[in-house]
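Under the numbering used here, residues 1086 to 1159 are what the sequence shown spells out, in order.
Where is the CB? At the ideal position from N, CA and C, for every residue including glycine.
Scroll down for the structure; my scribbles are underneath it.
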Amino acid sequence: MDSSIASILLLDGVTNGAIYALLGLATVLVFTVTRVIFIPQGEFVAYGALTLAMLQTGKTPGTVWLLLILAGTA
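Written as structure tokens, this is what we have:
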């Protein structure tokens, strides 16, 4: 394995670990404050990841059009 590939894999692992740590901290914080396990939190993370992926590919997410329509009617 080349050292550049190893550094890319290391950076990817650190990034994924940081995301998991933040998700765990958010779960603990919400549970500590409300004493309720907030199940849909993972859906919010998946929604954010998919929205970021669409923005990175240059496509406009469908929710942008929905927000523009709602803002226009308000």
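Practice item. Establish whether the CB of Leu1094 and some CB of chain C are separated by less than 8 Å. Key: The structure shown contains no chain C; it is built from a single protein chain.
Check your understanding: Quick one: what does DSSP say Ile1104 is sitting in, helix, strand or coil?
Key -> Within the sequence shown, the letter at position 19 stands for residue 1104. The answer is helix: DSSP assigns Ile1104 an H, G or I state.
Review point. How many angstroms separate the CA atom of Ser1092 from the CA atom of Val1099?
Key: Residue mapping note: residue 1092 aligns to position 7 of the sequence shown, counting from 1. Residue mapping note: residue 1099 aligns to position 14 of the sequence shown, counting from 1. Going by the C-alpha atoms only, they are around 10 Å apart.
Check your understanding: How would you write the range of the alpha helix (DSSP H) that Val1149 sits in, first residue to last?
Key -> Your numbering for residue 1149 matches position 64 in the sequence shown. 1147-1158 is the span of the alpha helix (DSSP H), which, as asked, contains Val1149.
Exercise for review: Kindly confirm or deny that the region 1108-1117 and the region 1126-1142 touch, where touching means at least three C-beta pairs closer than 8 Å.
Suggested key: yes
Exercise for review: Could you check what DSSP says for Asp1097 in three-state terms: helix, strand or coil?
Suggested key: Stepping through the sequence shown from its first residue, residue 1097 is reached at position 12. Correct three-state label for Asp1097: helix.
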